[in-house]
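*Asks:* One structure is given below, represented as structure tokens, and several questions about it will come after.
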Amino acid sequence: MSPLLPLVSIAQLSLTTYTLYLSSLAIPKLLSYEDKAKTASKYSNIAEEQLFKTRATQAASVGSVLKDLLLECEMNTANTTQKLLLTLLSTSSILFTSTPRSTTLALAGVNIVVLLGVREYVGNFWNSKPKVPLPGTGDYNDAVGLTGKIRERQVWLAAGWGVMGVVAML
């Protein structure tokens, strides 16, 4: 194992934590519009679809990043099956200290695909959502901006996985 791997893992964990923090700011801002959106969805299929997509994209975004943190909390699990499941669910490399290099590289690739795939999915919905220049929409506008920042961090997390894959091969 390369001595750089723990350093890359710490950087990845820090970025993961910050990205989850951004999500924790964005979601309550969107929830403040939930009642209005539910009411509108009773009268409009488009509003109902938008409400569903808002929920789905935010959940997917958080889920893709939350798996980073899961492994950090469970990294001392002794059961090999549990380690494998946690590794598949996580984007952290701390567990990789005893994982074969080829497995580390494969998991890095899977996590890159997941992060970038979710980023694209979220972007397909949120890129068409401009900030609304009306009074009373400040929280919505903040949530749109925070979602953009989260998408940027997903690229950095994917890049971190690329670095971890390369470092693990050293």
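Going by this note's numbering, the sequence shown opens with residue 1037, and the numbers climb by one from there.
C-beta atoms are modelled at their ideal positions from N, C-alpha and C, and glycine is treated no differently.
To the nearest angstrom, how far is it from the Cα of residue 1155 to the Cα of residue 1184?
*Replies:* Cα to Cα, the separation comes out at about 10 Å.
*Asks:* On the criterion of 16 or more Cβ atoms from any shown chain inside 10 Å, does residue 1081 qualify as buried, or is it exposed?
*Replies:* Classification for residue 1081: exposed.
*Asks:* In angstroms, rounded to a whole number, what distance separates the CA positions of residue 1051 and residue 1088?
*Replies:* Cα to Cα, the separation comes out at about 28 Å.
*Asks:* How long is the line joining the alpha carbons of residue 1161 and residue 1143, rounded to whole angstroms?
*Replies:* Each residue's alpha carbon lies about 27 Å from the other.
*Asks:* Is it the case that the region 1171-1191 contacts the region 1199-1206, given that we only count it when at least three CB pairs across the two stretches are under 8 Å?
*Replies:* The answer is no - the region 1171-1191 does not touch the region 1199-1206, with fewer than three Cβ pairs under 8 Å.
*Asks:* Is residue 1200 near residue 1098, with beta carbons less than 7 Å apart?
*Replies:* No, the pair does not count as a contact, with Cβ atoms beyond the cut-off.
*Asks:* My output table needs one value for residue 1045: the three-state DSSP class, helix, strand or coil.
*Replies:* Helix.
*Asks:* According to DSSP, is residue 1064 part of a helix, a strand, or is it coil?
*Replies:* If DSSP states are grouped into helix, strand and coil, residue 1064 belongs with the helices.
*Asks:* Given this structure, state the Cα-to-Cα distance separating residue 1145 from residue 1093, to the nearest angstrom.
*Replies:* Approximately 22 Å between the Cα atoms of the pair.
*Asks:* Hey, would you say residue 1190 sits closer than 7 Å to residue 1151, going by beta carbons?
*Replies:* It is a contact, given that the beta carbons lie within the stated cut-off.
*Asks:* Which same chain residues end up closer than 6 Å to residue 1002 when comparing Cβ atoms and leaving out the 5 residues on each side of it in sequence?
*Replies:* Because the chain in this structure spans residues 1037 to 1206, residue 1002 falls outside the shown range and cannot be described.
*Asks:* Give, in chain order, every unbroken run of the alpha helix (DSSP H) that is at least 4 residues long and sits entirely within the region 1133-1204.
*Replies:* List check, alpha helix (DSSP H) in window: 1137-1162.
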